Amino acid sequence: MCYKNGKDVLPSALLKELQKYIQGEIIYIPKKDNVRKGWGENNGTRKILRQRNMEIYEFYKNGTTISKLTESYNLSEDSIRKIISNGISEGKSTVS
């Protein structure tokens, strides 16, 4: 987030309208909702977790036990069960 002077970026009519409500103070203008990226999209975490979950589901489908998966991935049994459940409910091996 960076500071910009309203005189430099806003049309004068809009600046005058804003000055009716606030003057000489800093105001934050958020990005549009559709511009904002979702959690983990900037740094790739979402993609990494999706891939990990897909691996867990595939291992389970191929006979690996839940207890072995908890040891291998350092996740709780509940977390593994949720990942497997999501994979089964989607009817495919891609898990979000």
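The sequence shown lines up with residues -9 to 86 when you count with this note's numbering.
Each residue gets a CB set at the ideal place from its N, CA and C atoms; glycine is no exception.
Bear in mind that the values here come from a model prediction, so they are computed numbers and not experimental data.
Hey, how far is the Cα of residue i from the Cα of residue j?
| i | j | result |
| --- | --- | --- |
| residue -7 | residue 8 | 17 Å |
| residue 75 | residue 47 | 9 Å |
| residue 2 | residue -4 | 9 Å |
| residue 10 | residue 4 | 10 Å |
| residue 62 | residue 35 | 19 Å |
| residue 16 | residue 22 | 19 Å |
| residue 87 | residue 77 | No answer is possible for residue 87: the residues shown for the chain start at -9 and end at 86. |
| residue 50 | residue 27 | 32 Å |
| residue -2 | residue 14 | 15 Å |
Can you tell me where the alpha helix (DSSP H) with residue i in it begins and where it stops?
| i | result |
| --- | --- |
| residue 65 | Unbroken run through residue 65: none, as it is neither H nor E. |
| residue 7 | 2 to 9 |
| residue 36 | 35 to 51 |
So, under 8 Å CB-CB, residue i and residue j are touching, yes? Tell me the CB distance rounded to an integer number of Å.
| i | j | result |
| --- | --- | --- |
| residue 70 | residue 60 | 6 Å |
| residue 56 | residue 45 | About 14 Å separates the two Cβ atoms, so there is no contact after all. |
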